[in-house]
Amino acid sequence: MIDARSLTRDFVVSRSQTVHAVRGISLRIEPGELVAVLGPNGAGKTTTMRMLTTLIAPTSGTATVAGHDVVRQPAQVRRHIGYVGQGNGAGHTQRVRDELNTQGSIYGLDRRAARQRAAELLDALDLTELATRKVSALSGGQRRRLDVAMGLVHGPSLLFLDEPSTGLDPQNRANLWEHILRMRAEHEMTVVLTTHYMDEADSMAERVVVVDHGEIIADDSAATLKAKLAGDRIVVTVAGDDARPLARLVDRLPGARDVVCDGNRVQAHVGNGPAALPELLRAAVAADVPVATAQVHQPTLDDVFLALTGRSLREGENEHGNPQDAKTPKDVPA
Amino acid sequence: MSTVSVTAPSQIRTAGRTGPLGLFRDIGIVMTRELRPLLHDPFSVIFGMVQPLVFLGLFGPLLVGSLGGQAGTALGNGGVWQWFVPAILVMTALFGTSTTGASLLFEFQTGAHERMLVTPLSRPSLLIGRALKEMVPLAGQAVIIVLVMIPFGFRLHLAGALVGLALLAVFGIGLGALSYALAIAVRKQDWMFWVVQQTLIFPLMLLSGMLLPLETGPGWMRAAAQLNPLAYLVDAERALFAGRIGTATVLWGWVAALVTAAVGLAVGVRAMARSAD
Numbered sequence: 001m002i003d004a005r006s007l008t009r010d011f012v013v014s015r016s017q018t019v020h021a022v023r024g025i026s027l028r029i030e031p032g033e034l035v036a037v038l039g040p041n042g043a044g045k046t047t048t049m050r051m052l053t054t055l056i057a058p059t060s061g062t063a064t065v066a067g068h069d070v071v072r073q074p075a076q077v078r079r080h081i082g083y084v085g086q087g088n089g090a091g092h093t094q095r096v097r098d099e100l101n102t103q104g105s106i107y108g109l110d111r112r113a114a115r116q117r118a119a120e121l122l123d124a125l126d127l128t129e130l131a132t133r134k135v136s137a138l139s140g141g142q143r144r145r146l147d148v149a150m151g152l153v154h155g156p157s158l159l160f161l162d163e164p165s166t167g168l169d170p171q172n173r174a175n176l177w178e179h180i181l182r183m184r185a186e187h188e189m190t191v192v193l194t195t196h197y198m199d200e201a202d203s204m205a206e207r208v209v210v211v212d213h214g215e216i217i218a219d220d221s222a223a224t225l226k227a228k229l230a231g232d233r234i235v236v237t238v239a240g241d242d243a244r245p246l247a248r249l250v251d252r253l254p255g256a257r258d259v260v261c262d263g264n265r266v267q268a269h270v271g272n273g274p275a276a277l278p279e280l281l282r283a284a285v286a287a288d289v290p291v292a293t294a295q296v297h298q299p300t301l302d303d304v305f306l307a308l309t310g311r312s313l314r315e316g317e318n319e320h321g322n323p324q325d326a327k328t329p330k331d332v333p334a
Numbered sequence: 001m002s003t004v005s006v007t008a009p010s011q012i013r014t015a016g017r018t019g020p021l022g023l024f025r026d027i028g029i030v031m032t033r034e035l036r037p038l039l040h041d042p043f044s045v046i047f048g049m050v051q052p053l054v055f056l057g058l059f060g061p062l063l064v065g066s067l068g069g070q071a072g073t074a075l076g077n078g079g080v081w082q083w084f085v086p087a088i089l090v091m092t093a094l095f096g097t098s099t100t101g102a103s104l105l106f107e108f109q110t111g112a113h114e115r116m117l118v119t120p121l122s123r124p125s126l127l128i129g130r131a132l133k134e135m136v137p138l139a140g141q142a143v144i145i146v147l148v149m150i151p152f153g154f155r156l157h158l159a160g161a162l163v164g165l166a167l168l169a170v171f172g173i174g175l176g177a178l179s180y181a182l183a184i185a186v187r188k189q190d191w192m193f194w195v196v197q198q199t200l201i202f203p204l205m206l207l208s209g210m211l212l213p214l215e216t217g218p219g220w221m222r223a224a225a226q227l228n229p230l231a232y233l234v235d236a237e238r239a240l241f242a243g244r245i246g247t248a249t250v251l252w253g254w255v256a257a258l259v260t261a262a263v264g265l266a267v268g269v270r271a272m273a274r275s276a277d
């Protein structure tokens with residue numbers, strides 16, 4: 001569905017400064033995949049997507065999207081892909097139904113077919129009651145659903161979503177995703193999305209491509225990335241102020257590494273946190289080491305990013321901080 | 001909530017659609033989309049003509065007072081309104097179509113323009129469709145002004161007026177296209193749009209003889225006016241609304257309007273092709 005080879009894109013800011021937004025991205029995406037491109041703001045996610053959707057030409061490299069070359073056959077690519085950009089696709093002075101009708105006629109539907117298709121999509125995305133409303137009068141969540149509807153008018157086999165849920169509250173995000181996943185199942189669509197919400201990439205995508213400084217630094221399923229690059233972490237404290245006997249026990253756990261003993265506190269990476277902790281507690285009881293608290297931290301994609309780059313993804317996220325982050329550490333009472 | 005048909009609508013065209021027929025179709029789609037808000041809210045036509053109405057209401061009477069006695073000399077036959085109303089129509093075109101780029105600028109900000117750029121619509125149609133749409137509000141505004149002025153003694157030569165309207169429409173397409181081109185050029189510093197528009201519009205207006213006859217001005221002003229397409233347009237509209245259709249003045253007006261339209265569309269289409277960067 002997508003075959004990108006060594007894509008690069010430079011932006012000339014001034015005579016003395018050129019920004020290398022994308023520095024050689026190669027990516028193969030098969031039909032039916034749901035892929036999230038994850039990275040901090042400015043990593044090159046959007047620039048990559050804009051190249052794949054023919055909005056901007058690559059500085060070098062090639063890409064075939066939906067069977068057509070993005071540079072030589074942009075019109076063919078545009079006919080086959082659906083695209084939901086970061087902004088709102090509908091004109092603010094337009095009415096909801098009119099915008100869908102217009103999109104239908106752009107893709108070659110006659111007036112009747114366009115109206116019928118618009119009605120189907122309005123219904124599918126819960127917009128029927130808003131059909132005659134002006135776009136400027138819609139809420140953020142409603143506008144986003146209209147954007148998705150506009151991107152699906154021609155039943156594309158490949159849908160690009162550029163930060164689809166940025167700026168939406170948790171309830172609207174969940175609602176939007178419900179719609180996207182259902183449409184994907186019904187259309188057998190390939191979906192490529194960019195996001196800087198790691199929980200979104202984690203829970204929705206089957207494959208996560210991590211981008212930083214214009215390059216792909218990891219590409220796998222979220223579960224594999226987390227297991228390979230981050231791993232479970234346990235944090236255990238003892239009653240008293242010397243955790244060294246406990247640290248020796250932790251060291252014997254399967255897959256234990258990076259054991260750090262700090263006063264009454266020990267932390268370490270282990271192979272399987274939820275299994276390791278009861279084992280440690282049994283050993284502690286047998287060795288008469290008084291454990292006070294014990295926690296398992298299961299890794300998030302942020303830990304993966306931290307392991308890969310030494311930086312946290314969250315640093316760039318304060319603007320749209322997400323209160324309902326699904327991957328808070330799971331506390332296990334001792 | 002029902003389910004959406006799994007397959008794409010059967011009519012969806014995936015084959016190439018090129019050539020002039022495809023372009024006309026695309027232009028039609030863009031123009032229809034641009035006209036819809038106007039259709040739903042016809043009163044919005046009035047917004048574009050506030051300035052000309054102010055000049056008509058607050059400057060026109062001053063003109064009558066100070067130049068009325070000269071009617072028949074500097075202003076030609078027929079009095080002040082016969083001289084001033086055609087110019088106000090040109091002013092309507094000037095203010096209405098030179099600001100129209102702001103709507104495209106807004107669509108750049110919201111993302112609506114980007115949405116159009118990833119559809120199969122041809123790039124030129126995105127500009128031409130918008131520019132052609134300018135004819136409609138402009139014609140509406142011109143008709144309103146003429147109808148309002150008839151009770152005040154404005155005499156209408158119908159044939160000349162219709163040709164005058166067509167002339168105005170062609171000029172409006174050109175100026176509208178230039179306004180869109182300006183919007184595309186300054187899309188990353190959008191405040192520049194109004195700086196440039198305001199900086200250009202008043203010299204163009206004053207050097208066209210729209211408000212006061214240039215014949216009484218200094219030589220350098222008359223020389224500058226000769227380079228101003230708007231001056232030819234104003235002269236042509238005055239001739240047309242006086243019923244003098246087959247004159248050289250009108251011919252020069254057409255030359256000015258057609259050159260404006262050709263340059264505007266050429267510049268605009270080029271700008272539109274690069275508008276995704």
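Quick mapping for you: the protein sequence lines, in order, are chains A and B.
So for the first sequence, full-length UniProt numbering puts the first residue at 1; every next one is plus one.
So for the second sequence, full-length UniProt numbering puts the first residue at 1; every next one is plus one.
A virtual CB, placed ideally from N, CA and C, is assigned to each residue, including glycine.
**Asked** In its own chain, which residues sit with a C-beta less than 8 Å from the C-beta of A/THR93, not counting the 5 before and 5 after it?
**Response** LYS134, VAL135, SER136
**Asked** Using the rule of at least 16 other Cβ atoms within 10 Å of the residue's Cβ for burial, across every protein chain shown, is B/LEU158 buried or exposed?
**Response** exposed
**Request:** Find the nearest neighbour of A/SER165 within the set A/ALA201, A/VAL71, A/THR53, judged by alpha-carbon distance.
**Result:** A/ALA201
**Asked** Hey, is B/VAL123's beta-carbon within less than 7 Å of any beta-carbon in chain A?
**Response** Here residue 123 of chain B is Arg; the residue named in the question, Val, does not match the sequence. It does not; no Cβ of chain A falls within 7 Å.
**Request:** With DSSP as the reference, label A/HIS92 as helix, strand or coil.
**Result:** coil
**Prompt:** Does the Cβ-Cβ distance between A/VAL138 and A/MET1 come in under 7 Å?
**Reply:** Checking the displayed sequence, the identity of residue 138 of chain A turns out to be Leu instead of Val. Cβ atoms of A/LEU138 and A/MET1: not closer than 7 Å.
**Asked** Just checking, does the segment 5-20 of chain A make contact with the segment 55-70 of chain A on the three C-beta pairs under 8 Å criterion?
**Response** yes
**Message:** Would A/VAL211 and A/GLY42 qualify as a contact pair, given that the criterion is a beta-carbon distance under 7 Å?
**Reply:** no
**Asked** Thinking C-beta only, is A/PRO254 closer than 7 Å to A/ALA289?
**Response** Position check: residue 289 of chain A holds Val in this sequence, whereas Ala was assumed. No, Cβ-Cβ distance for A/VAL289 and A/PRO254 is not below 7 Å.
**Prompt:** Alpha carbon to alpha carbon, what distance is there between B/ALA177 and B/THR249?
**Reply:** 25 Å
**Request:** Go ahead and label A/MET156 buried or exposed: buried means 16 or more other beta carbons lie within 10 angstroms of its beta carbon, across all protein chains shown.
**Result:** A quick correction: the sequence has Pro, not Met, at residue 156 of chain A. The residue in question, A/PRO156, is buried, as its Cβ has 16 or more Cβ neighbours within 10 Å.
**Asked** What are the start and end residues of each continuous beta strand (DSSP E) run of 3 or more residues lying completely inside the segment 19-48 of chain A, in chain order?
**Response** 34-38
**Asked** So which of B/VAL30, B/LEU127, B/ALA261 has the shortest CA-CA distance to B/LEU167?
**Response** B/ALA261
**Request:** Look at the alpha carbon of A/GLY263 and the alpha carbon of A/ALA294, and state the distance between them as a whole number of angstroms.
**Result:** 15 Å
**Asked** Can you list the residues of chain A that B/THR110 reaches, using a CB-CB cut of under 7 Å?
**Response** GLY87, ASN88, HIS92
**Asked** Looking at chain B, which residues of the segment 199-227 of chain A have a Cβ within less than 7 Å of any of its Cβ atoms?
**Response** none
**Asked** Any idea if B/PHE152 is buried or exposed, counting beta-carbon neighbours within 10 angstroms, 16 or more meaning buried?
**Response** exposed
**Item:** Where the beta strand (DSSP E) through residue 358 of chain A begins and ends
**Value:** This structure cannot settle anything about residue 358 of chain A, because the visible part of chain A is limited to 1 through 334.
**Asked** What is the DSSP secondary structure of A/GLY61, counted as helix, strand or coil?
**Response** strand
**Request:** Assess, as a yes-or-no matter, whether the segment 120-138 of chain B is touched by the segment 198-207 of chain B under the definition of 3 or more beta carbon pairs within less than 8 Å.
**Result:** no
**Contacting positions in the segment 30-61 of chain A - beta carbon closer than 9 Å to chain B** = ARG50, THR53, THR54, LEU55, ILE56, ALA57
**Residues that A/LEU7 bridges to, as DSSP identifies them** = A/ILE25
**Message:** Here's the rule I'm using: 16 or more other beta-carbon atoms within 10 Å means buried, otherwise exposed. How should B/GLU107 be labelled?
**Reply:** buried
**Item:** Selected residue, minimal CA-CA separation from B/VAL136, among B/ALA93, B/GLY111, B/PRO120
**Value:** B/ALA93
**Prompt:** For B/LEU105 and chain A, any beta-carbon pair shorter than 7 Å?
**Reply:** no
**Message:** Between the alpha carbons of B/ILE88 and A/PHE160, how many angstroms are there, rounded?
**Reply:** 49 Å
**Asked** For A/ILE2, which beta-bridge partners are listed by DSSP?
**Response** A/ILE29, A/VAL65
**Prompt:** When we look at the beta-carbon of A/VAL208 and count the other beta-carbons within 10 Å, is it buried (16 or more) or exposed?
**Reply:** buried
**Prompt:** Exposed or buried, what is A/ALA226 when buried is set at 16 or more other beta-carbons lying within 10 Å of its beta-carbon?
**Reply:** Before going further, note that residue 226 of chain A is Lys rather than Ala in the sequence given. With 16 or more other Cβ atoms within 10 Å, it is buried.
**Prompt:** Between the C-alpha atoms of A/SER16 and B/GLN141, what's the straight-line distance to the nearest angstrom?
**Reply:** 50 Å
**Asked** the segment 64-89 of chain A: which residues have C-beta closer than 8 Å to a C-beta of chain B, in chain order?
**Response** ALA75, GLN76, ARG78, ARG79, HIS80, ILE81, TYR83, GLY85, GLN86, GLY87, ASN88, GLY89
**Item:** Chain-ordered chain A contacts of B/HIS157 [CB-CB under 9 Å]
**Value:** Going along chain A, no residue has its Cβ under 9 Å from B/HIS157, so there is no contact; the nearest lies around 37 Å.
**Request:** Measure the alpha-carbon distance for A/PRO40 versus A/ALA4 and round it to whole angstroms.
**Result:** 21 Å
**Asked** Would you say B/GLY72 reaches chain A, if we count a Cβ-Cβ gap shorter than 7 Å as a contact?
**Response** Its pLDDT being 46, under 50, B/GLY72 is placed unreliably in this model, and the coordinates cannot settle the point.
**Item:** Local Cβ density within 10 Å of residue 342 of chain A, reported as buried at 16 or more and exposed below that
**Value:** In the structure as shown, chain A starts at 1 and stops at 334, and residue 342 of chain A therefore has no counterpart that could be examined.
**Asked** In angstroms, rounded to a whole number, what distance separates the CA positions of A/GLY316 and B/ILE144?
**Response** Any reading at A/GLY316 must be qualified, since the residue scores a pLDDT of 49, below 50, and its modelled position is unreliable; the value itself is stated next. Taking the straight line from one Cα to the other gives about 55 Å.
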